[in-house]
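343 is the number that this note's numbering gives to position 336 of the sequence shown; each next residue is one higher, with no gaps.
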Amino acid sequence: MCDVTRPLTTITEEQEMLLGEIRRFNSEIVEPRVREMDEKAKLDPEIVKTMFEMGLMGIDVPEEYGGSGMTFTDAILAIMELAKVDPSVAVVCDVQNTLVNNAIRRWGTEEQKKTWLPKLAQEIVGAYALSEPDSGSDAFALRCKADKVDGGYRLTGTKLWITNGYEAELFLVFANVDFEKGYKGITCFLVSRDMEGFTVGKKEDKLGIRASSTAELILENVFVPEDRILGEVGKGYKVAIETLNEGRIGIGAQMVGLAQGALDHAIAWAKERQQFGRPIARFQAVQFALARLDAQVEAARLTVLNAAKLKENGERFIREAAIAKFTAAEAAEAAASMAVEIFGGYGFTKDYPVEKLFRDAKIGKIYEGTHFMQLQTIAKMLLAD
Ligand SMILES: Cc1cc2nc3c(=O)[nH]c(=O)nc-3n(C[C@H](O)[C@H](O)[C@H](O)COP(=O)(O)OP(=O)(O)OC[C@H]3O[C@@H](n4cnc5c(N)ncnc54)[C@H](O)[C@@H]3O)c2cc1C
């Protein structure tokens, strides 16, 4: 069995402990529930509850705000480890840490940090609501509007594809306060589930990561007080871009974990499955397929850890984050697809975990910037004068 932390020569004792706890959580709590959660398209509440208890929902939130006080790289390692067993569980942890907590830490007032970070680290799930029916890659073409009224704003619009939508109690909602200003009207609001006029709509029936809820949000004249603006009015585009640049490293981690999980299953199966009187791992074609994947997964892992370290050290990481997500999404698709082939007919059934990983892998090329959008970012930086 390969270890996702292997390339890190400087792994700390604290990180070892965190990963050890996640491995135990994976085998005792997650693994027995994966198939049923996938079939029912529903996350078991026990999983979310345990992630809070383990401190996985506020990994790099400072202890003074009720978090675990660890680093961004620790959060990335945790997402990787979770994704080896269930990428749906990993994305719950990923969105909470790399998008929601991260945005509040970075852009929140002291009051907002004191109010929301301890809750997010210990008891409530958050969601990040940017996409809409007609604005995905072109996110700043969003139509959700925020009209100024006494003491705050009234939000009206529809958000689509919102991860954690069914579980979340706090939503980072992006809306435009002045369409004449274009993207410079976009503002981020902290919206609570119980606000009047706010409804969680249809839950998507998806190909993969089925246990992770993806929902529509409907906002009908929702009053959001002034003190619920995250960052400045008109600076929501900055909150969105900068948070997503970091979130992308988390999706890279999710895809590396998925790829490693698929490869581990394929290796175990190849050693066990006998054909022509010997384990299929004795055939060079199978050996080379596994070796090629090992090389691809290792390369992806290093790009993700490199981007995480650059971000953590306050260095430029936008190109590296795009490369990490791109490389990891390719590795995940390749590993999950080959794992199905190595399992043969068994791999094509739901009785073995590789079928689910194959379906789960596809999302790596879609959310938090599609595969083409990552290439666009990389190309833009390559060709800049
Ligand atoms: C399971 C799931 C969870 C999600 N979670 C969230 C969430 O929590 N919060 C949130 O805000 N959003 C979320 N999303 C939305 C996701 O980020 C968008 O689906 C994604 O950004 C793509 O947007 P789109 O679906 O509108 O596709 P489109 O933007 O319509 O893209 C369609 C195709 O056109 C290509 N394309 C578009 N523009 C260009 C261009 N300029 N150059 C080249 N190719 C281009 C794309 O690469 C893609 O292949 C989620 C989506 C899914 C499926």
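Just so you know, even glycine gets a beta-carbon here, dropped at the ideal spot from N, CA and C. Computed from a predicted structure; not experimentally measured.
Own chain partners of residue i with C-beta closer than 8 Å, once the 5 adjacent residues on each side are dropped
i, result
"G351", "R280"
"S142", "A148, L149, R150"
"G189", "F147"
"T221", "W168, I169, T170, G172, K210, E211, K213"
Residue i versus residue j: straight-line alpha-carbon distance, rounded
i, j, result
"V198", "R113", "18 Å"
"G192", "Q22", "41 Å"
"T377", "S144", "7 Å"
"I258", "V184", "30 Å"
"A269", "M345", "8 Å"
"V102", "I349", "32 Å"
"L84", "A328", "15 Å"
"P140", "V293", "44 Å"
"K121", "A128", "11 Å"
"P39", "L26", "19 Å"
"L389", "Q383", "10 Å"
"E322", "P232", "35 Å"
"K166", "F181", "9 Å"
"G164", "I225", "6 Å"
"Q303", "I54", "31 Å"
"A296", "E28", "31 Å"
"Q267", "R366", "15 Å"
"G158", "G215", "42 Å"
"E35", "G62", "17 Å"
Assigned exposure category for residue i - 16 Cβ within 10 Å defines buried
i, result
"A273", "buried"
"F186", "exposed"
"P360", "buried"
"L156", "The sequence given here has Val at residue 156, not Leu. Exposed is the call here."
"D201", "exposed"
"R217", "buried"
"K206", "The question names Lys, but residue 206 is Thr in the sequence shown. Exposed, because fewer than 16 other Cβ atoms sit within 10 Å of the Cβ of T206."
"I248", "exposed"
"D271", "buried"
"A260", "buried"
"T19", "exposed"
"L179", "buried"
"M24", "exposed"
Own chain partners of residue i with C-beta closer than 6 Å, once the 5 adjacent residues on each side are dropped
i, result
"V263", "M87, A307, R308, V311, A335"
"D93", "V37, V41"
"G76", "P69, E70"
"A146", "L137"
"G133", "Q103, V107, L127, A175, L177"
Residues near residue i by beta carbon distance below 7 Å, same chain, minus five either side
i, result
"D154", "Y160, R161"
"L251", "E375, G376"
Write down every uninterrupted run of the alpha helix (DSSP H) in the region 93-118 whose length is 4 residues or greater and which is fully enclosed by it, in chain order.
94-101, 109-114
Please specify which runs of the beta strand (DSSP E), each continuous and at least 3 residues long, are wholly inside the region 141-221, giving them in chain order.
152-156, 159-170, 177-183, 193-199, 205-210
List in chain order: all unbroken alpha helix (DSSP H) runs of 4+ residues lying wholly within the region 293-367.
Uninterrupted alpha helix (DSSP H) stretches at least 4 residues long and entirely within the region 293-367 occur at 325-350, given in chain order.
Report the start-end ranges of each alpha helix (DSSP H) in the region 216-290 that is 4 residues or longer and not cut off at the edges.
243-279
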